[in-house]
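Everything in the sequence shown is counted per this note's numbering, starting at 641 for the first residue and increasing by one.
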Amino acid sequence: MIQRLNRRARLLSGVAFGAAALLAVGNAHAQTVTNTPTDDQADEVGEIVVTGIRRSIEASISAKANNTSIVEVISAEDIGKLPDVSIAESLARLPGVTSQRLDGRSQAISIRGLGPDFTTALLNGRELVTTGDNRGVEFDQFPSELLGGVTVYKTPDAALVGQGLAGTVDLRTIRPLAYGRQAMAVNYRHEWNDIGALNSGTTDNGDRYTISYIDQFMDGTLGVALGYAHMSSPYQSERFNSWGYPTYTDGNLLTGGVKPYVMSSELERDGYMGVLEWRPNDRIHSTIDAFYSEFKNTQVLRGIEFPLAWGGLAESPGRSDTVLGGCQITNDVPTPDVCRPAPSLRPGYTVEDGMIVAGTWDNIKGVVRNDLNKRDSNITALGWNTEFVANDDWTLGLDLNYSKVERSDVILETNAGTGRNINGALDSLGFVLTDDGVTQFTSQLNYADPTLIRITSAQGWGSDVIPGGQVGYMNTPSIEDEIKAVRLTANRQLHQSPFKSIDFGFNYSERSKSFVNDQYYIGVPGGGDLTVPSEYLLDPTDLGYLGISQVLSYDALGLVNSGLLDLVRNPNADVAAGNWEVTEKVSTAYIRANIDHNLFGLPLTGNVGMQFVYTDQQGQGFEAQQLSAGVAAVTEVTGGAEYLEILPSSNFILEVGDDMFARFAVARTLARPRMDDMRASRNFSFNAGNNNENATPEQNSPWSGGGGNPALKPFIANVVDVSFEKYFANRKGYVSLAAFYKDLESYVYTRNVLFDFTGYPTGGVPPVINQGVLTTPENGNGGWIKGLEFSVSAPFDIFHPVLEGFGGMFSASQTDSEVQPDPLNPPTTMPGLSETVLNGTLYYERYGFQSRVSARYRSDYLGEVAGFGNGRTLRSVAAETVVDAQIGYEFQSGPLEGLSILAQVNNLTDEPFKTFENGDERRTIDYQSYGRTFAVGMNYRF
């Protein structure tokens, strides 16, 4: 059902157009002013004419000043040459923007304290498909070398289709006619990591190379831009993972179990870009652009898992001795085929501040892990835009675009140990917790001995499907995401009005995203142990950082593909319910009035407008019930919703002095829910043990379930922004102070709701009630987010001529929030929100020499990481400071003119990534050390 235009939307509409009406009053005082550059002209201003860090900064400052929205801009130093090694690294240096590192790489970004789910990414102004499970863009898919710049919109306007609630990131490719000259460039970089290759069969060396070509033909009416970028980038990490920290019998905390690895990865990417631009006269302008990226990421992880306090005992189902339920065997020696005792902590352990930090564990049954994560994905994005100037007053436009992602993953776990479940040698482990919360061990067994360590189910996990337990698990999900869109636009020039023009537009898009959830148990035929064949054995892996000298290493994927192991599809209900498809049909109509006016003698520019967004969404999936071990009943299910949202917006820029601007913006924005939350799939169960007179719908009901909600409505926010900007030194520098407030009308959260299970199967048992609790995403109450941002960029020669060539940039943001979707529960923490974010860069560029050092800091935040079964998990992430540096030289004359050389280092201080639980940084869950990545290279511009 289409919802009514709510009161706040009407109020915001009144604010926007009421302010516009006031312009008519000021019109009596109007004076002739110089026209503000159009959007196309602003794009041209951002194009780079000369090379260098300073020119990039100047172009970014100019584009920021000229835009009618509050924006941050990144400009390429030259063709094929953005300032950083990746788009996400560059974005993370902007005021109010920060990134979360994944495997040591900046990948997902947060804008103004809101995580990736609230940010939209565009390519040349068009909404993009995403390779992830949801809407958040993984920016390492896009080669920085093929982009001319990036604009981050912190405030929207009505013509910005696909805008995000937090912000909108628009990736821009070069327009060859605006570039205006022939250019060709080649770039090459070689990189390596100082940790070295941590796993056998991997490398710590990689290469990047790019070729870009721009030219104009037919008397400058036809332009071509072509680019190709290849990357083979290795990265390493030493990882520690804790299961958690239960309370021991003496009341102190201790480690429940650990799962440490070393990881060696290689990211391979090939990107292709092409632009064909045609402007035969002043009335016709047509552009075709294409982008294609192939992305492969292979991670090899080897380590060992130690169940400790949460280890538990195991016993044979056929055990008949008199101490069933325990392992008090003669002389405390476990008997084969009888039982395995639970891990036990020796007396004499060390306690500090309520946590057991050193001691010895006995009866430890380790699980040697040889794992592999592999992702193959490709992105295709095509667009055609044509503008036609009908006459002096009217300009018409048509834009067609298409984008698609296909992604397939392999997430493979394989297990080895001393014997199956209750059999095999046990270990005694000495342990000590370091200041970082990492546990280091001393062991008695040789975990690299192939005669001792065999493919087996050392803990008996998965025995409900694989008799005796699984020896591994393979998850092979796949994603398809497709967007088709068409846009019609019109611009009407006005005369004798405070508005210089009015834009009209209509955009229709269809998006379909599907997730296929294939999962498999891995077993040894016959249920025994498998000695790793010699052809799959590799050199042992060193876990010296953990205190374990070496562990057995082998080609896990090769072994699985050899046929020596069985693959058994996971038949459980939760896996079947993990399949889904979501489709969205979105119609957006807008009107925007562009202001060019004098208000009481001061130049006033900006816009007021409104979007009408109608959405028809559908979710498809499966309802699944676990009937018994390994048996599930599955039924197809669909659901959906339709709604209309009206989004007014306004941006006002008042030039209060020479190159001094006061900006004010107010808007109503939305962010669509996560796509996995919109799935129709759900699983449910009927517990006959609760089917009695004590059952109530809220408690002890035989019915329960969980799943998605295809009828979810979007997050909604009413936003107010104020910014004061002063530009100086011929716009080579600026200082800015901004404040924002986002009033969240609604917020999506997970809650328990009563659900009617009438008609659902019970296995023939008559239910005493048909209601129970379903755990599902729902629209709840909102809250607020507010923040302050300060930024300054300056060439230091404004202080003294001797400092010519030196300069710096600095930004700081402080953000706070309170969101309480459920009035019966405390406020929730916003994912991605760091209260404090700091960025700083110092640079020098003169006489061909270039150098730069940059640092970025973000305080603690709630981050999204991969949890059990590669599912989404939110964890507290510790504060971090990441430092990068670069030095280079450009030959400006002689036979080498056009050649530049450079050296870079990323993560100069080897800053780790750390997560923790319950607000206690001693209780480390993840601790990952990535080392430093070095690169040397050259750029040559013909």
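The beta-carbon is built from N, C-alpha and C at its ideal position, and this holds for glycine as well. Being a predicted model, the structure only gives us computed values, none of them experimental.
For the region 738-786, the full-length beta strand (DSSP E) segments reaching 3 residues or more read 745-751, 759-763 along the chain. Straight-line spacing of the CA atoms in L1204 and A806 works out to 50 Å.
In the DSSP assignment, R1322 falls within the beta strand (DSSP E) that extends over 1322-1326. Sequence-distant Cβ neighbours of R1371 in its own chain, meaning closer than 8 Å and more than five residues away, are E698, I701, S702, A705, D1299.
For G841 and S1499, the gap between their C-alpha atoms comes out near 37 Å.
For E1282, no alpha helix (DSSP H) segment is defined; the enclosing uninterrupted segment is the beta strand (DSSP E) at 1271-1297. In the structure shown, the three-state DSSP call for I1409 is coil.
Between the C-alpha atoms of V713 and S696 there is a straight-line separation of about 10 Å. Excluding the 5 residues flanking it on each side, P1467 has same chain C-beta neighbours closer than 7 Å at G1423, E1458, V1459, Q1460, in chain order. Under DSSP, A954 shares a beta bridge with R980.
Looking at P1107, G1348, N1410, the one whose alpha-carbon comes closest to that of F1326 is N1410.
Your pair A799 and E778 does not check out as a contact, with CB atoms roughly 27 Å apart and the cut at 8 Å.
Annotated three-state conformation of Y1176 is helix, per DSSP.
A Cβ-Cβ separation of about 4 Å places A1088 in contact with P1180 under the 8 Å criterion. When C-beta atoms of the region 1277-1293 are compared with those of the region 782-794, fewer than three pairs fall below 8 Å, so the two segments do not count as touching.
Beta-bridge analysis with DSSP links F1574 to W832, V1545.
Note on geometry: alpha-carbon atoms of V1277 and N1018 lie some 30 Å from one another. In this structure the region 1374-1388 does not lie against the region 1331-1345, because fewer than three pairs of beta carbons, one per stretch, are closer than 8 Å. Under the DSSP definition of a beta bridge, L1183 partners with I1188. DSSP places D1011 within a strand segment (E or B) once states are collapsed to three. By DSSP's assignment, P1417 forms a beta bridge with T1390. The beta carbon of R1314 is closer than 6 Å to those of D757, N774 in its chain, skipping five residues each way along the sequence. The alpha-carbon separation between D1039 and L1128 amounts to approximately 7 Å.
Here the alpha carbon of F1489 sits roughly 6 Å from the alpha carbon of E1530. About 6 Å separates the Cβ atoms of L948 and W1001, confirming a contact at the 8 Å cut-off. Bridge partners of R848 according to DSSP: R829, M871. N1421 and L754 have their alpha carbons spaced roughly 17 Å apart. Excluding residues up to 5 positions away in sequence, F1430, L1478 lie with their Cβ nearer than 6 Å to the Cβ of A1452 in the same chain. The C-alpha of R694 is placed about 20 Å away from the C-alpha of V1523.
DSSP, reduced to helix, strand and coil, places D1383 within a strand of the structure shown.
Under the three-state reduction of DSSP, A732 is assigned to coil, being neither helix nor strand. Per the C-alpha coordinates, the member of A1217, F1292, V1306 positioned closest to N1247 is F1292.
Measuring C-alpha to C-alpha distances from G1403 to each of P1342, Y1381, G1448, N1358 identifies P1342 as the nearest. Cβ atoms of E906 and P886 stay farther apart than 8 Å, at about 38 Å. Put simply, of E785, I835, S1494 the residue whose alpha carbon is nearest the alpha carbon of G911 is E785. DSSP places K1353 in no alpha helix (DSSP H); its state is neither H nor E.
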